[in-house]
Amino acid sequence: MATATKTPVLSVEHVTMRFGGLTAISDLSFEAYPNEITALIGPNGAGKTTVFNCITGFYKPTGGKIALRHADGMEFLLERMDDFRISQHARVARTFQNIRLFSGMTVLENLMVAQHNKLMLASGYTIAGVLGSGRYRRAEKAAIDLAKSWLEKVRLIDRADDPAGDLPYGDQRRLEIARAMCTEPRLLCLDEPAAGLNPRESEELNKLLRAIRSENDVSILLIEHDMSVVMGISDHIVVLDYGQKISDGDPHHVKTDPAVIRAYLGVDEEEEEKDALAAKAVAEALGDQA
Amino acid sequence: MTAQDVSAPRAQAYDWSAIIKDLIGTAIVSLLIMVPMVAYKSVITQYSLVLVSRWTEVFAVLALILATRLALHLFVWNRAPSPVTAAAKPAGTAKATLPEKIGPWVFPVLVAFAVFLPLIFNFERRPIDLGIYILTYIMLAWGLNIVVGLAGLLDLGYVAFYAVGAYAYALLSTVYFPYWFGDGVVPWAFYITLPVAGLLAALWGVILGFPVLRLRGDYLAIVTLAFGEIIRLVLINWFSFTNGPQGITVPKATFFGLPFARGEGSFSDFFGIEFNRIHYFVFLYYVILALALLTYFVTNRLRRLPIGRAWEALREDEIACRSLGINTTNTKLTAFAIGAMFGGFAGCFFATRQGFVSPESFVFIESAIILAIVVLGGLGSQIGIVFAAIAIMGSFELFRELSVFENYLPEGTDPVHFRMLAVGLAMVLMMRFRPRGFVTRRQPTVFLKERKAVSGDLVKEGHG
Ligand SMILES: Nc1ncnc2c1ncn2[C@@H]1O[C@H](COP(=O)(O)OP(=O)(O)OP(=O)(O)O)[C@@H](O)[C@H]1O
Ligand SMILES: [Mg+2]
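The listed protein sequences derive, respectively, from chains A and B.
Everything in the first sequence is counted per the numbering used here, starting at 4 for the first residue and increasing by one.
Everything in the second sequence is counted per the numbering used here, starting at 476 for the first residue and increasing by one.
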């Protein structure tokens with residue numbers, strides 16, 4: 004594989020996450036490469052969101068190591084960092100499976116909150132800001148400009164002054180992506196961004212994600228059930244089932260991997276032969292959507 | 476927007492027969508209740524028990540009830556939106572209503588009124604006292620609003636910071652400043668202590684903040700309540716330091732070193748005017764007005780800074796905040812500290828105004844009243860708080876004066892005792908009719924094209 008020669012931005016090494024007796028992820032290792040879109044797929048309850056929560060620091064993994072590298076060579080061990088520090092220093096941004104916008108704040112305000120740390124510094128940790136420093140005013144203006152440029156990219160500029168909670172579902176999904184991008188991340192983790200979107204909106208999301216990837220210095224890690232999105236834009240797919248990695252490779256490899264077909268169909272090893280026909284049908288269906 | 480939407484009727488036509496039926500029903504029920512309770516009163520005279528009839532009162536009350544009910548029919552209950560407008564209107568940004576249009580004028584008018592209040596009332600003592608009293612609570616509620624309204628953290632022990640400020644002034648001005656700097660500093664004590672009291676209260680805000688940061692909702696409320704009580708109990712029991720329940724008498728504030736007294740070197744002497752006790756109260760009035768306005772403007776500015784946006788974001792969704800790199804621990808601590816600081820300023824002022832501090836002034840009910848003002852005003856709304864403070868504190872004062880009720884109450888009951896009952900009733904009515912307080916709309920802190928208020932339904936109340 005061509006990617007194997009590059010240094011990965013993210014390496015997940017032997018990560019295990021247990022909740023009491025339940026092992027949500029066991030001994031998972033995979034890598035994500037610079038400027039690529041890596042998809043994490045798997046049936047419901049496979050542990051995908053849990054992987055995200057470990058990477059972004061919301062859960063501390065029971066074991067294993069998660070390393071993030073910047074282009075300048077800085078390396079962060081995410082399993083040891085607080086969630087907000089991961090966003091602030093390691094520059095990992097995320098969206099949530101069940102959208103978490105600041106619904107009582109306007110669309111623009113949501114994007115301003117995302118630039119908190121930068122603005123906090125410019126406001127002299129509030130003191131200079133209260134006294135009305137010019138530096139803060141300039142920084143705020145720059146922040147508004149950045150927010151505006153993202154609102155144009157996600158086509159929400161006309162709704163900038165409306166409350167975020169008032170937007171239709173698809174718009175909220177795009178706003179959450181714009182908000183994550185306003186933190187200027189190196190790794191963007193999207194948890195089911197196409198959930199609840201109609202086919203036209205999914206197609207638009209594909210375009211947006213490709214544009215984000217090509218115009219910014221960012222790698223994308225994507226959880227998605229919608230195969231048209233996954234197959235259409237991923238460079239690399241990791242498949243999870245019951246917390247274990249069952250396949251890892253480019254879309255073509257994953258699509259034809261018998262282990263993946265088995266996981267999605269839920270067939271036993273012995274019955275594999277009998278269901279080969281059905282498996283082929285599934286493979287074709289996946290291929291059609293791509 | 477369609478033409479239909481614009482021309483849609485604001486109010487539906489009145490259904491008079493239904494209204495009249497309802498009024499008759501109301502009258503019957505009211506009379507059934509009132510005849511036995513109000514119409515006759517038993518009076519024990521020297522020799523016998525006589526019944527005194529009070530039909531005038533009965534009809535006065537009845538007329539009041541019917542008039543209120545009619546007004547509700549005409550102006551409140553018929554305003555259910557017609558399905559057409561309800562559907563056309565986006566849920567979040569309702570179209571400009573009357574309060575919306577006059578909104579920008581309310582605050583300047585209130586400030587102008589407050590500035591001229593002593594003049595308007597011809598330097599009478601009563602209105603100025605009442606003004607000081609209400610402004611103190613407005614300031615306290617504005618301070619608590621930072622913690623509860625903006626950051627969404629329920630704090631039931633706010634009065635503790637008020638106490639810290641008051642005792643800071645009492646102890647520094649009577650004991651420590653004279654000891655450290657000599658007696659010459661005493662006339663200036665108020666001005667020196669004011670910032671110190673604010674800082675000490677902020678420090679206590681952080682001290683309280685640390686242990687409670689991980690708590691939410693009910694747990695946070697209970698711990699803050701306990702903290703308020705602990706401070707009070709320490710003030711009572713640490714006799715050698717605080718003089719216990721006997722309290723401390725504190726010096727009056729001066730006009731930048733000029734005392735309000737008769738004779739040489741006093742305020743009246745310096746300005747060549749005749750001595751009048753009212754000068755001191757007018758002075759106090761303007762001090763608290765200035766402090767309250769400082770609280771208002773600083774809070775307003777903070778809301779527009781990253782820290783203020785982080786407070787509100789914290790109220791909306793803490794997890795999302797953390798995913799955006801916001802240190803929620805520090806954000807909560809600053810909310811506690813800055814809220815406490817304003818409480819400390821107010822406490823320092825309270826000590827000078829009273830001329831005396833004792834633990835009795837800092838009981839739980841004070842925290843509850845301040846919180847009630849914040850909630851009644853509408854969480855997060857500074858203007859709403861002004862009206863709520865006037866309503867609650869004003870009605871307290873009203874009860875103090877109402878002797879009208881005395882005829883109707885058992886012998887020896889003081890109408891003052893009924894004031895909490897009235898506040899409770901007001902709260903119940905509010906929960907029924909305006910569950911989110913007087914002002915429910917949230918003003919955004921930044922906008923691109925136009926500032927549209929966010930409807931209260933979308934704004935979260937925080938989770939503790
Ligand atoms: N905080 C938690 N405590 C206990 N169990 C948890 C917790 N979080 C996740 N789990 C369990 O871990 C397993 C994996 O859940 P996860 O949410 O990661 O699945 P998922 O792959 O994201 O599924 P979906 O496609 O439905 O979003 C599930 O069995 C879930 O119940
Ligand atoms: Mg999930």
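Beta carbons: idealized from backbone N, C-alpha and C, even for Gly.
These numbers were taken from a predicted model, which means no experiment stands behind them.
Annotation for T53(A): M20, A27, I28 place their beta carbon closer than 6 Å to its own, counting only its chain and skipping 5 residues before and after. Not flagged as an interface residue toward chain B: T41(A), since no C-beta distance is shorter than 7 Å. Shown here is that no member of the segment 814–827 of chain B has a Cβ falling below 9 Å from a Cβ of chain A. Taken in chain order, the members of the segment 755–780 of chain B whose beta-carbon sits within less than 8 Å of a beta-carbon on chain A are V773, R776, L777, L780. Under a 10 Å Cβ-count criterion, W580(B) is classified as exposed, with fewer than 16 other Cβ atoms of the shown protein chains found around its own Cβ.
Within the segment 796–814 of chain B, the residues whose Cβ lies closer than 8 Å to any Cβ of chain A are, in chain order, C796, R797, S798, L799, G800, I801, N802, T803, T809. The alpha-carbon separation between L43(A) and P11(A) amounts to approximately 16 Å. Against chain A, the beta carbon of R784(B) has neighbours under 8 Å at M108, E112, M115, V116, H119, listed in chain order. Residue range 13–22 is occupied by the beta strand (DSSP E) that includes T19(A). CA-CA distance, A785(B) to V116(A), rounds to 6 Å. Within chain A, the C-beta atoms nearer than 8 Å to that of F922(B) come from T109, L111, A163, D164, in chain order. Taking the CA atoms as reference points, S231(A) sits about 40 Å from R926(B).
Under DSSP, D86(A) forms no beta bridge with any residue. Closest in C-alpha terms to R828(B), from the list Y644(B), N718(B), S930(B), comes Y644(B). Apart from the 5 residues on each side of it in sequence, A502(B) sits with its Cβ closer than 7 Å to the Cβ of L537, L541 in its chain, given in chain order. Against chain B, a Cβ distance below 9 Å from K151(A) picks out L923. A distance criterion of 6 Å places the beta-carbon of N209(A) beyond contact range of ligand 1, judged by its closest non-hydrogen atom. Inter-segment contact for the segment 807–820 of chain B and the segment 162–173 of chain A is absent: fewer than three beta-carbon pairs are separated by less than 8 Å. DSSP, reduced to helix, strand and coil, places P171(A) outside both helices and strands of the structure shown, so it counts as coil. At a cut-off of 7 Å between C-beta atoms, A788(B) counts as an interface residue with respect to chain A. Per DSSP, G67(A) is one residue of the beta strand (DSSP E) stretching across 66–72. Restricting attention to alpha helix (DSSP H) runs no shorter than 4 residues, the segment 93–179 of chain A encloses them at 110–116, 119–125, 130–133, 137–156, ordered along the chain. The set of residues whose C-beta lies within less than 6 Å of a heavy atom of ligand 1 reads, in chain order, F22(A), L25(A), A27(A), G45(A), N47(A), G48(A), A49(A), G50(A), K51(A), T52(A), T53(A), Q100(A). Put simply, the segment 78–88 of chain A touches the segment 50–64 of chain A. At least three CB pairs are less than 8 Å apart. S250(A) is bridged by DSSP to V242(A). Across the set G107(A), I102(A), K156(A), the C-alpha of G107(A) shows the shortest separation from the C-alpha of R790(B). Under the three-state reduction of DSSP output, V221(A) falls in the coil class, being neither helix nor strand. Taken atom to atom, the span from the alpha-carbon of G830(B) to that of G855(B) is near 33 Å.
The C-beta distance from G859(B) to V914(B) rounds to 3 Å, short enough to fall under 8 Å. Residue contact with chain A for R909(B): absent (no Cβ-Cβ distance below 7 Å to any residue of chain A). Of the residues I69(A), F22(A), K63(A), the one whose Cα lies closest to the Cα of F33(A) is I69(A). Cβ neighbours of L212(A) within its own chain (closer than 7 Å, five residues either side excluded): I40, I223, I236. Going by beta carbons, Y139(A) and S126(A) fall inside the 7 Å limit. In this structure, Q918(B) is the residue among L777(B), L585(B), Q918(B), T543(B) with its C-alpha nearest to the C-alpha of L933(B). Sequence-distant Cβ neighbours of A74(A) in its own chain, meaning closer than 6 Å and more than five residues away, do not exist here. Residue state for Y62(A) is assigned as coil, using DSSP reduced to three classes.
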